[in-house]
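Using numbering that gives the first Met the number 0, you'd call the opening residue of the sequence shown number 0 and step up by one each time.
Cβ atoms here follow ideal geometry from the backbone N, Cα and C, with glycine treated the same way.
Here the structure comes first, spelled out in structure tokens, and everything after it is commentary.
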Amino acid sequence: MNTKCKHCGGDMNLAEDGKSLICPYCGSTEIIEESDAVKIQQIRSDANAEIEREKLKHELEKDKLKSEISREKSFKKASGRSFWSFSPRYL
Ligand SMILES: [Zn+2]
């Protein structure tokens, strides 16, 4: 964080909400709209969302694979009653 406090000139920190800056020296706050800090925060959360989506995709593929295996098993046992019975917990 390179933003300087207008009151005491200290380095300001990004607040937890990501939308304001807090001076740790004098305690003054400043709302930021489209500053670099916000952009960085957005890029970070976008990247996290992307990672989460990828994880979800893998989980779904795993689930699909699992249900296909169990489907094959149940086919051998009985008529396909558990045909589409895989858990929808990721949907
Ligand atoms: Zn200050």
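Per-residue DSSP class, three states only, for residue i
i, result
"Ser27", "coil"
"Asp45", "helix"
"Lys72", "helix"
"Glu18", "For the record, residue 18 in the displayed sequence is Lys; it is not Glu. Coil, per DSSP."
"Lys5", "coil"
"Glu67", "helix"
"Asp62", "helix"
"Glu32", "coil"
Sequence-distant residues of its chain with Cβ nearer than 8 angstroms to residue i (five each side left out)
i, result
"Gln40", "Leu13 and Gly17"
Cut-off 7 angstroms between Cβ atoms - residues of its own chain near residue i, not counting five sequence neighbours on either side
i, result
"Cys4", "Met11, Cys22, Tyr24, Cys25 and Ser27"
Anticipated Cβ contact below 8 angstroms, residue i with residue j, distance rounded
i, j, result
"Glu29", "Leu20", "5 angstroms"
For residue i: DSSP bridge partner residues
i, result
"Leu13", "Leu20"
Chain B within 7 angstroms of residue i, Cβ atoms only
i, result
"Ser19", "The structure shown contains no chain B; it holds only a single protein chain."
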